[in-house]
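Line by line, the protein sequences give chains A and B.
Read in order, the letters of the first sequence are residues 46 to 1049 in the working numbering.
Read in order, the letters of the second sequence are residues 2 to 95 in the working numbering.
Even glycine gets a Cβ: it sits at the ideal position worked out from N, Cα and C.
Quick caveat: nothing in here was measured; it's all calculated off a predicted structure.
Contents: one structure, followed by commentary.
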Amino acid sequence: MSNGELRLPTGGRIDRAQPLRFIFDGAGYSGYAGDTLASALLANGVRLVGRSFKYHRPRGILSAGAEEPNALVELGNGARREPNLRATQIELHDGLVASSQNRWPSLDLDIGAINNLASRLLPSGFYYKTFMWPPSFWHFYEHFIRRAAGMGRAATEPDPDRYDHRYEHCDVLVVGAGPAGIAAALAAGRSGARVVLCDEQQEMGGDLLASMALIDGAPAADWVARALGELGALPEVRLLPRATAFGYYDHNAVAIVERVADHLARPGPGLPRQCVWHVRARRVVLATGAIERPLVFRDNDRPGVMLANAARVYLRRYAVACGRRAVLFTNNDAAYGAALDLRAGGMDIAAIVDLRADPKGQRTEAARAQGLRVLAGRAVIGVQGSKAVSGVEVARLQDDASAAILDREQIACDTVLMSGGWTPTIHLFSQSGGKLRFDTETAAFVPDRATQALRSAGACNGATRLSDCLAQGAAAGAAAAQDAGFAAAAPPLPELDPDLDEAPMRHLWVVPSDAPVGHKGKHFVDFQNDVTAADIRLASREGYRSVEHLKRYTTTGMGTDQGKTSNVAALAILAEATNASIPQVGTTTFRPPYTPVTMGALTGRTVGPLLEPARWTPIHRWHVRTGAVFENTGQWQRARYYPMAGEDMHAAVEREVRAARNLVGLFDASTLGKIDVKGPDSARFLDLVYTNSWSKLAIGRSRYGLMLRDDGYIYDDGVTTRLGPEHFLVSTTSGNAAPVLSFMEDLLQTEWPHLKVRLTSVTEQFAVVTLSGPMARRLLAELTRDIDLSPQAFPFMTLRAGTVAGIPVRVFRVSFTGDLSFEIQARASHGLALWHACLAVGEKYGITPYGLEAMHVLRAEKGYIIVGQETDGTATPDDLGMGAMVAHAKPDFIGKRGLKRAELLRPERKQLVGLRLADGEHKPLPEGAHLVNDPGLPPPMPMLGHVTSSYYSPTVGAPIALAMIKNGRARMGEELYAPLPDRVVRARVVAPCFFDPEGKRLHG
Amino acid sequence: MLLIACPWCGPRAELEFRCGGQGHLTRLTDAMEVSDAEFARYLYMRDNPKGWHYERWNHVNGCRRWFNAVRHTVTHEFHATYKPGEPKPDLPRS
């Protein structure tokens, strides 16, 4: 067909002044502003838009909305390529590029279609049945199966677009801007309530935009325009078109994705592509409409078979005739309205095939009166044509509807319109936790009891008439606003056409033909997953009688459309096959999202450097400039080592360790957790949270403390200093600063609220610069005049306040290297200046900055533990040789009772020891390596313990390790073995201290 | 995303809070006297009801205060939130 042939000369809501060019599968087409990709393709006579998932059957456009199972396309190129988008929901813009999916080499000639010929070999569960043996081969098969099945291809480059998240709080959220939603928004908005009205389409109005109904004597679309004009002028009302409410969460939290720029050929530079709205609403009105159901008849998937109302929408909204000559196949009266509208729009309706023997509604009468050919009590028993419909075969149903073989007739047509009734869109209601009820007359699940503060109105609530939709919407909107505290009233109904009487539907879930179902063609239930009526019956015969099992076995209801068009039919067929009622079969759970949401939108701006906040010390800039290699510890970015030209990590760390041992090292310890503890009960409080005693600690003195949990295991450690009678500075491990503060807050607020103590995190308020090594004192002496640094005046584990390089500081004589150390704390803003001053003066002493890695080696040489490395949440103070730090005489402290538990007193507990490797072993043991007595035993051999820290020690000149070993302290001198994948290493148990065991350097 | 009424700050989104598990547990005053089994019960055993549950919550990304709550573990409905030390409210009948 030639370009634009099916576009009607007038009408529709498209802007004919704005022609747009677009490309589909490499061919150029044109459409208009206001078109969807689907309407533009139909206008251009493109019928074949995709191949089906499993059988590669040719497929066309089925619907005009979110329920589309067939017309899934890939949109865009390169990094912006996005798969599996519904052509029915893609707004056309100039230069749009789309392609069909699941075909090779081309849509017209698709090799995979061989699956259709071989379909007798591909029943439901085929993959499970065929590829399960031998079990280990599944991974081999899977690779090929996934490639053969596949849908579209996702982009492989990083997403270049920006996505936003917004938070909104409102009195009333109305989801869906059809007649019910607009009526609800009007009723609520007029009361002054803050209202958000969202709708997934580019234009609000829902079915009214395609309706020929008159409201207040004017076209329905005029009423929509007036209502939206009024709503837009209300200051507390926000209209959100192109916004899909995709998830209904607890306490009326509704997530909405707004497609901000997807419809623009050239989005403005400031626009995000999409925005997720997190709406918290006092009340919600769901007006989400309904989805027309297909009928299940033979070869009902041929391109040209579509939903009756979709054809009406294409005609009325987009001025597109879906074909020239159509046959309508229906089980209800409403579809007659669509047929009459289409006829009025110039489409030839060859016949109306009605499953009902004697339909007698006002619409059916009107159709007959207009001369339409109504074939009652008959069925479409087959569709002719493969890549496009060329006709249908119609036959009269037998009385018991078991077959349709009588009065067979061929009717030529290019379009088959089907209508199996309507399925209320209850997804959000169900997600909210609402209970459903099955309405037998319409054979649909409708909302029953809500468990959240919401109301359903209109078609999603089972309403079928416009008057009911408007009335329910107005009532729900007014009641929602009233509940939210506003004086709202439902406005009177506008003047409408009189309601028509409708005859009941006839539910015939599988339309018979001249052969048993499953022969001579396929009765599709789920178009997207290629599930047929025969598949469901087979699954039921094989014992899959639960709807949840059926879904997983046949894949019905899965995929991007989540069974929007197929669910009820699948349930009904299963119910028939198992002699149960549909409510007995039940329905699967509806879960978010309603339609697929891009990962980009969900992620928002938390990508790349914004994925997680990074914490930098006040000296960070210097580390970066110096070329430090960084290591992330929690959110902190810490300098790991400072390589010089040509150095690898090993060489750099060795140089740094030697300098800190022999001369002086400079370390940025600012990440140290720091908690300021103040108040008259501070000492009492610390007595309760640490194992040791604090009440008698003198002002200006420091003490190392161990903190346990109630179960008696070590939770944290660190040095605490008494700054004043009621003032302490607690230090915690870097990674545990926030949890320890929370732990202490919890106890103060809930266990001991009578204690007068205030806790303040000061981790980031102070920079910490550590000078460590034999030259540290001489260096520091050059920088301070007001602190006497002599060992007598400033002994180990004390604090002095004063100035260093003119900067007010606290200097702590503590050490984590085992060497003479001064830990200088200054205000964070002075940290970098302090660092520079130390470097400048330290040059002649050979000052060397050392990183986290050298710090680890230095502390391991001394045998200092790191909580979380030597401990694993099951270590006690005694396990680490620190039993003396527990003041058992204290009346109470956290962990006191826990320490007395049998498990913690058990002999043979693992204890901290050191390991020296056999001569000639130059490689450190891997951390975590197991240690055994006899590596010759077959595995699993009895394990004595494991390595917790392991480094090459430049000071010792050999690898060293710390380990937790059963009865370790009694094994001094024993030879143990570490069986590694490539070798067995012999190691000797030694005391966990490889440097200055007498502490001369520490105290010097 | 629950909506949780902090007794100090008012209703705030769940992401500002951290749940602290079962509420109204009293720290043993005679811990040194009880058996290991009794101590383990205190330390480890918690109610896990399908229904109303007394809980502790911390407004960790807000005022940092702890409080108590009565929450339904199926519907997530909050019957009450109240400050520590305030009496335990009666459970709703449903």
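Hey, is G1049 of chain A's beta-carbon within less than 9 Å of any beta-carbon in chain B?
To locate residue 1049 of chain A, count along the first sequence from 1; it is residue 1004. Interface criterion not met: the Cβ of G1049 of chain A is under 9 Å from no Cβ in chain B.
Quick check: the Cα distance between A396 of chain A and S477 of chain A, rounded to an integer number of angstroms?
Translated into positions along the first sequence, residue 396 of chain A becomes position 351. Translated into positions along the first sequence, residue 477 of chain A becomes position 432. Taking the straight line from one Cα to the other gives about 43 Å.
Run through chain B and tell me which residues come within less than 8 Å of D755 of chain A, C-beta to C-beta.
In the first sequence, counting from the first residue as 1, residue 755 of chain A sits at position 710. Residues of chain B passing the Cβ test: L44.
Return the bridge partner residues of S501 of chain A from the DSSP annotation.
As a working note, residue 501 of chain A is residue 456 in the first sequence. DSSP, once it has assigned bridges, lists A:L331 as partnering S501 of chain A.
Which value, in whole angstroms, describes the spacing of the CA atoms of S740 of chain A and L711 of chain A?
As a working mapping, residue 740 of chain A is identified with position 695 in the first sequence. As a working mapping, residue 711 of chain A is identified with position 666 in the first sequence. Taking the straight line joining both Cα atoms gives about 33 Å.
Excluding five sequence neighbours on each side, which residues of the same chain lie with their C-beta closer than 6 Å to the C-beta of V1034 of chain A?
Counting from one through the first sequence, the residue named residue 1034 of chain A turns up at place 989. Around V1034 of chain A: V958, R1016, M1017 and E1019.
Euclidean distance between Cα positions of S715 of chain A and A812 of chain A
One-based indexing of the first sequence puts residue 715 of chain A at position 670. One-based indexing of the first sequence puts residue 812 of chain A at position 767. Approximately 5 Å, taken between the alpha carbons.
Using the Cα positions of C1038 of chain A and E699 of chain A, report the straight-line distance between them to the nearest angstrom.
In the first sequence, counting from the first residue as 1, residue 1038 of chain A sits at position 993. In the first sequence, counting from the first residue as 1, residue 699 of chain A sits at position 654. As the crow flies, the alpha-carbon of C1038 of chain A is around 19 Å from that of E699 of chain A.
For R318 of chain A and D139 of chain A, believed in contact at Cβ under 8 Å, the rounded distance
As a first step, residue 139 of chain A is located in the first sequence; it is residue number 94 there, counting from the start. As a first step, residue 318 of chain A is located in the first sequence; it is residue number 273 there, counting from the start. About 17 Å; that fails the 8 Å criterion.
Are the beta-carbon atoms belonging to R328 of chain A and N297 of chain A less than 9 Å from one another?
The count along the first sequence starts at 1 and reaches residue 328 of chain A at position 283. The count along the first sequence starts at 1 and reaches residue 297 of chain A at position 252. In this structure, N297 of chain A lies closer than 9 Å to R328 of chain A by Cβ.
Which chain B residues are close to E790 of chain A, counting only those with a beta carbon under 7 Å from its beta carbon?
Residue mapping note: residue 790 of chain A aligns to position 745 of the first sequence, counting from 1. Below the 7 Å Cβ cutoff, chain B contributes R65 as neighbours of E790 of chain A, in chain order.
So the alpha helix (DSSP H) Q476 of chain A belongs to, where does it begin and stop?
Working through the first sequence from its first residue, we reach residue 476 of chain A at position 431. First-last of the alpha helix (DSSP H) with Q476 of chain A: H472 to Q476.
Enclosing beta strand (DSSP E) for L842 of chain A [first to last residue]
Numbered from 1 along the first sequence, position 797 holds the residue referred to as residue 842 of chain A. Residue identity differs from the one stated: residue 842 of chain A is Met in this sequence, not Leu. First-last for M842 of chain A: undefined, no H or E at that position.
Beta-carbon within less than 7 Å of A266 of chain A's beta-carbon, same chain only, minus the 5 sequence neighbours each way: which residues are those?
The residue you call residue 266 of chain A lines up with position 221 of the first sequence. Non-local beta-carbon contacts of A266 of chain A in its own chain, meaning distances under 7 Å to residues more than five positions away in sequence, involve G250, L253 and L254 in chain order.
Residues near D386 of chain A by beta carbon distance below 6 Å, same chain, minus five either side:
For the purposes of this step, residue 386 of chain A is taken as residue 341 along the first sequence, with counting starting at 1. Closer than 6 Å at the Cβ level, and outside the excluded window around D386 of chain A, lie M257 and R357.
Between the beta-carbon of P505 of chain A and the beta-carbon of A230 of chain A, is there less than 9 Å?
The sequence position of residue 505 of chain A within the first sequence is 460, counting from 1. The sequence position of residue 230 of chain A within the first sequence is 185, counting from 1. In the sequence under discussion, the amino acid at residue 505 of chain A is Cys, which differs from the Pro named in the question. The answer is no: Cβ separation not under 9 Å.
Do G436 of chain A and Q455 of chain A have their C-beta atoms within less than 9 Å of each other?
For the purposes of this step, residue 436 of chain A is identified with residue 391 of the first sequence, where counting begins at 1. For the purposes of this step, residue 455 of chain A is identified with residue 410 of the first sequence, where counting begins at 1. Yes. Within cutoff.
Closest Cα partner of R66 of chain A within the set A:S75, A:L742, A:G427 and A:N781
Mapped onto the first sequence, residue 66 of chain A falls at position 21. Cα-wise, what sits closest to R66 of chain A is A:S75.
Rounded C-beta distance between R362 of chain A and W467 of chain A? I'm assuming under 8 Å.
For the purposes of this step, residue 362 of chain A is taken as the residue at position 317 of the first sequence. For the purposes of this step, residue 467 of chain A is taken as the residue at position 422 of the first sequence. R362 of chain A to W467 of chain A, Cβ: 19 Å. No contact.
Cβ separation of I106 of chain A and P539 of chain A, assumed to be a contact under 8 Å, to the nearest whole Å
Residue numbering aside, residue 106 of chain A sits at position 61 when the first sequence is read from its first letter. Residue numbering aside, residue 539 of chain A sits at position 494 when the first sequence is read from its first letter. About 33 Å separates the CB atoms of I106 of chain A and P539 of chain A; that is not less than 8 Å, and the two are not in contact.
Residues within the region 942 to 964 of chain A neighbouring chain B, beta-carbon criterion of under 9 Å:
Sequence-ordered contacts of the region 942 to 964 of chain A with chain B read R942, G943, K945, R946, A947 and E948 [C-beta pairs closer than 9 Å].
Compute the Euclidean distance between the alpha carbons of P203 of chain A and H54 of chain B, then round it to the nearest angstrom.
Counting from one through the first sequence, the residue named residue 203 of chain A turns up at place 158. Counting from one through the second sequence, the residue named residue 54 of chain B turns up at place 53. Going from the Cα of P203 of chain A to the Cα of H54 of chain B covers about 45 Å.
Using a Cβ-Cβ cutoff of less than 8 Å, which residues in the same chain neighbour Y909 of chain A once the five nearest sequence positions on both sides are dropped?
Taking the first residue of the first sequence as 1, we reach residue 909 of chain A at position 864. The residues F861 and G863, in chain order, have a CB closer than 8 Å to that of Y909 of chain A in the same chain once the five nearest residues on each side in sequence are set aside.
So with CB distances below 8 Å, who are the chain B contacts of H296 of chain A?
The count along the first sequence starts at 1 and reaches residue 296 of chain A at position 251. Here the neighbours are M2, L3, L4 and H77.
Pull out every residue of the region 50 to 74 of chain B whose Cβ sits closer than 8 Å to any Cβ of chain A, in chain order.
Residues R57, N59, V61, R65, R66 and W67.
Pull up the CB-CB distance for I627 of chain A and I581 of chain A, whole angstroms please, since I reckon it's below 8 Å.
Within the first sequence, residue 627 of chain A is the residue found at index 582, counting from 1. Within the first sequence, residue 581 of chain A is the residue found at index 536, counting from 1. I627 of chain A to I581 of chain A, Cβ: 13 Å. No contact.
Buried/exposed call for S144 of chain A, threshold 16 Cβ in 10 Å:
Position 99 of the first sequence holds residue 144 of chain A. Answer is buried; the Cβ neighbour count reaches 16.
Could you please tell me which residues of the region 768 to 801 of chain A, in chain order, have their CB closer than 8 Å to any CB of chain B?
Across the region 768 to 801 of chain A, CB contacts with chain B closer than 8 Å involve S787, E790, D791, Q794, T795, E796 and P798, in sequence order along the chain.
What does the alpha-carbon distance come out to for the pair C1104 of chain A and A116 of chain A?
Any property of residue 1104 of chain A remains undetermined from this structure, which presents chain A solely from 46 to 1049.
When we look at the beta-carbon of N161 of chain A and count the other beta-carbons within 10 Å, is it buried (16 or more) or exposed?
Reading the first sequence from its first residue, position 116 is the one you call residue 161 of chain A. Buried.
Compare the Cα-Cα distances from R13 of chain B to each of B:W58, B:P93, B:P85 and B:E87 and report the closest residue.
By one-based count along the second sequence, residue 13 of chain B stands at place 12. Considering only B:W58, B:P93, B:P85 and B:E87, the residue with the shortest C-alpha distance to R13 of chain B is B:W58.
Does G22 of chain B have its Cβ less than 9 Å from a Cβ in chain A?
The residue given as residue 22 of chain B occupies position 21 in the second sequence. No, G22 of chain B does not count as interfacial toward chain A.
Drop a sphere of 10 angstroms on the beta-carbon of A521 of chain A, count the other beta-carbons inside from all chains shown, and report buried for 16 or more, exposed for fewer.
Numbered from 1 along the first sequence, position 476 holds the residue referred to as residue 521 of chain A. A521 of chain A is buried by the Cβ-count criterion.
Taking the alpha helix (DSSP H) that T599 of chain A belongs to, which residues open and close that run?
As a working note, residue 599 of chain A is residue 554 in the first sequence. Membership of T599 of chain A in the alpha helix (DSSP H) is indicated by the continuous run V592 to T599.
Give, in chain order, every unbroken run of the alpha helix (DSSP H) that is at least 4 residues long and sits entirely within the region 846 to 920 of chain A.
Counting only runs of 4+ residues, the alpha helix (DSSP H) found wholly inside the region 846 to 920 of chain A occupies 876 to 887 and 897 to 907, in chain order.
Indicate whether V372 of chain A and V341 of chain A have their beta-carbon atoms separated by less than 9 Å.
What you label residue 372 of chain A is simply residue 327 of the first sequence in a count that begins at 1. What you label residue 341 of chain A is simply residue 296 of the first sequence in a count that begins at 1. Contact flag unset, no.
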